[in-house]
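**Student:** First, the structure itself, so that you have it in front of you.
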DNA sequence: GCCGAACCGTAACGTACGGTACGGTAACGG
DNA sequence: CCGTTACCGTACCGTACGTTACGGTTCGGC
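Residue numbers (this note's numbering), protein chains in the order written: chain A, 1456 to 1678; chain B, 1456 to 1678.
Here it is as structure tokens:
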């Protein structure tokens, strides 16, 4: 068996999120933990020691350092997959609850250690070379949220609670209202005080503001 | 003269944004250009060659690699400083123009190559070690914008055009409406198609939405 | 004209780390 | 019982790069 698996289209390098041994998942979880602890500075030696495996195994499984990182990002991404909730014709209450729920979840995600670490790594690697990481993170972060939220928005529109022309634009506004400057501040090492309570309040505020902008009929006086 | 300037409180290491030789500014501009081209991967050798100076000089002037990077970020930050426009009692038109102007400027900044490069570097360095970079970038980006925008908001409030309790919260909403997912997407290597025309449209939209949320009396029918 | 400071160019050093090679061991199938 | 497979542990190699050292040059001041 040749050593150069990476070029010959071998199975190891391409390592799809599924088809991973339990042992391999363990290793990737370790990488994840290490990524949270010391960012992009992890060395293959450190990974091998912490994962109690040999470097040779790492290279056989993941090709090279980039492959390991990519597999890790993919692995984490595959874990976040949530069951999409599509509703037929919601009333206003359940629509609000749904939106608040998404806002809450989203804030929790971007405030989590793993998300911050992963985004940092992806941003670092974005400028140079094989740029999969940024795309992967985006695909499983922002885009996944958009995909899950779109049916909710459409349902709200059908039910006459929301008025917008382009769902994508509406989603981006919702995104902006929820995340505001939080994500960039977290990535830059600032701590915007995102406690459990603050997340709750932010989700409610963002939802209210979104409804104020895109609500069809209900424009509450109090706001 | 001892070599260890970094610890003994020497003048070279702390290199405040001002008090820089023209030659030093040239060097930092070169670093900036290099940072845009190849991100954090620049080596001291490359910098020296491109700046037509010796590595020894780099080390004497900036202490070490981190010092060079920090000085570069500070230098760029000091260049962005804009004259604050404080208005006494604006009419609604000029308030809208003012807000649109800030939105436009802000979008242009975060879409610029240098901003992206600098933010990438700062994010990369945020997790580990001396964390000045993130704070510096934040201080001269988001916080500077907030500082410049606050008097405008206050003036709008005094004039009766805006209604909000906390200027900081209002600002963060404005920030969210303007930037939305643009900044994170840019940092992750995505290209959200931010042409000149799109920036113009986005600034107008964000301002309209902000007024819809925080405008005191004027709630336009058309929106 | 001489001295020292500042600087250039380049060579050299030390080291960290990505990647490889190899010997040893445990499991397993025949 | 033997070969194969998969893995561990470790030693090893090559190189890139941060950092330092040093000889040579320019230039301002005396």
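Beta carbons are placed, not taken as given, at the ideal position from N, Cα and C, and that holds for glycine.
If you reduce the DSSP assignment to three classes, tell me which class residue 1617 of chain B lands in.
**Tutor:** strand
**Student:** With residue 1549 of chain A as the anchor, note down where its alpha helix (DSSP H) starts and where it stops.
**Tutor:** Here the alpha helix (DSSP H) through residue 1549 of chain A covers 1547-1566.
**Student:** Distance check for residue 1628 of chain B and residue 1544 of chain B, CA to CA, integer angstroms please.
**Tutor:** In a straight line, the C-alpha of residue 1544 of chain B is about 23 angstroms away from that of residue 1628 of chain B.
**Student:** List, from N- to C-terminal side, the alpha helix (DSSP H) runs of 4 residues or more that fit wholly inside the segment 1592-1650 of chain B.
**Tutor:** 1597-1613, 1622-1634, 1637-1642
**Student:** Would you report the Cα separation of residue 1525 of chain A and residue 1552 of chain B, rounded to the nearest angstrom?
**Tutor:** 45 angstroms
**Student:** Quick one: is residue 1559 of chain B buried, meaning 16 or more other Cβ sit within 10 Å of its Cβ, or exposed?
**Tutor:** buried
**Student:** Could you please tell me which residues of the segment 1492-1505 of chain A, in chain order, have their CB closer than 7 angstroms to any CB of chain B?
**Tutor:** 1493, 1494, 1495, 1496
**Student:** For residue 1529 of chain B, would you say it is in contact with chain A, using Cβ-to-Cβ distances shorter than 8 angstroms as the test?
**Tutor:** Cβ-Cβ to chain A under 8 angstroms: no for residue 1529 of chain B.
**Student:** Identify, in the order they occur along the chain, each residue of the same chain with its Cβ nearer than 7 angstroms to the Cβ of residue 1505 of chain A, setting aside the five sequence neighbours on each side.
**Tutor:** 1485, 1489
**Student:** Take residue 1590 of chain A as the anchor and find which of A:1574, A:1658, A:1514, A:1603 has the nearest alpha-carbon.
**Tutor:** A:1574
**Student:** Is it buried or exposed for residue 1613 of chain B, if we count other Cβ within 10 angstroms and need 16 for buried?
**Tutor:** exposed
**Student:** So, for residue 1666 of chain B: in the same chain, excluding its five sequence neighbours on each side, which residues have a beta-carbon less than 6 angstroms away from its beta-carbon?
**Tutor:** Excluding sequence positions up to five before and after residue 1666 of chain B, its CB lies less than 6 angstroms from no other CB in the same chain.
**Student:** Does chain A have any CB closer than 8 angstroms to the CB of residue 1619 of chain B?
**Tutor:** Chain A, which has no Cβ nearer than 8 angstroms to the Cβ of residue 1619 of chain B, makes this no.
**Student:** Would you identify the three-state DSSP class for residue 1494 of chain A, choosing helix, strand or coil?
**Tutor:** The three-state reading of DSSP puts residue 1494 of chain A in helix, counting H, G and I together.
**Student:** With 16 other CB atoms within 10 Å as the buried threshold, where does residue 1657 of chain B fall?
**Tutor:** buried
**Student:** Determine the closest residue to residue 1655 of chain B out of B:1555, B:1492, B:1648, with distance taken between C-alpha atoms.
**Tutor:** B:1555
**Student:** Within 10 Å of its beta-carbon, does residue 1677 of chain A have 16 or more other beta-carbons around it, so buried, or fewer, so exposed?
**Tutor:** Here the model assigns residue 1677 of chain A a pLDDT of 42, short of 50, so the residue's position is not dependable, and the following value carries that caveat. Exposed is the call here.
**Student:** Looking only at its own chain, which residues have a Cβ that is under 6 angstroms from the Cβ of residue 1568 of chain A, when we skip the five neighbours before and after it?
**Tutor:** 1491
**Student:** Following the continuous alpha helix (DSSP H) through residue 1533 of chain A, name the residue where it begins and the one where it ends.
**Tutor:** 1520-1535
**Student:** Could you tell me the alpha carbon to alpha carbon distance between residue 1646 of chain A and residue 1477 of chain A, rounded to whole angstroms?
**Tutor:** The straight-line gap from Cα to Cα measures roughly 35 angstroms.
**Student:** Considering only DSSP beta bridges, list what residue 1670 of chain B is partnered with.
**Tutor:** B:1617
**Student:** Within the same chain, show all residues whose beta-carbon is closer than 6 angstroms to that of residue 1639 of chain A, passing over the 5 residues directly before and after it, in chain order.
**Tutor:** none
**Student:** Please report how far the alpha carbon of residue 1696 of chain B lies from the alpha carbon of residue 1601 of chain A, in whole angstroms.
**Tutor:** Residue 1696 of chain B lies beyond the stretch modelled for chain B, which goes from 1456 to 1678, so this question has no answer here.
**Student:** If residue 1661 of chain B and residue 1618 of chain B are in contact, beta carbons under 8 angstroms, what's the gap, nearest whole angstrom?
**Tutor:** Going by Cβ atoms, the distance from residue 1661 of chain B to residue 1618 of chain B rounds to 18 angstroms, so no, they are not a contact pair.
**Student:** Residues in the same chain with beta-carbon distance under 7 angstroms from residue 1503 of chain A, minus the five sequence neighbours each way, listed in chain order, please.
**Tutor:** 1509, 1510, 1513
**Student:** What are the start and end residues of the alpha helix (DSSP H) that includes residue 1503 of chain B?
**Tutor:** 1499-1506
**Student:** Measure the CB-CB distance between residue 1592 of chain B and residue 1642 of chain B and report whether it falls below 8 angstroms.
**Tutor:** In this structure, residue 1592 of chain B lies away from residue 1642 of chain B, with their beta-carbon atoms at least 8 angstroms apart.
**Student:** Comparing alpha-carbon positions, which option in B:1549, B:1576, B:1571 lies nearest residue 1616 of chain B?
**Tutor:** Among B:1549, B:1576, B:1571, the Cα nearest to that of residue 1616 of chain B is on B:1549.
**Student:** Below 8 angstroms between beta carbons: does that hold for residue 1634 of chain B and residue 1595 of chain B?
**Tutor:** no
**Student:** Can you pull the chain B neighbours of residue 1478 of chain A, defined as C-beta to C-beta under 9 angstroms?
**Tutor:** Result: empty, since nearest Cβ-Cβ is about 28 angstroms, beyond 9 angstroms.
**Student:** Verify whether the separation of the beta carbon atoms of residue 1566 of chain B and residue 1649 of chain B is less than 8 angstroms.
**Tutor:** yes
**Student:** How about residue 1549 of chain A: is its C-beta nearer than 8 angstroms to some C-beta of chain B?
**Tutor:** no
**Student:** Let me know if residue 1474 of chain B comes out buried or exposed under the rule of 16 or more other beta-carbons within 10 Å of its beta-carbon.
**Tutor:** exposed
**Student:** On a Cα-Cα basis, can you pick out the residue from A:1519, A:1547, A:1563, A:1500 that is closest to residue 1653 of chain A?
**Tutor:** A:1563
**Student:** At the 8 angstroms Cβ level, is residue 1654 of chain A part of the contact set with chain B, yes or no?
**Tutor:** no
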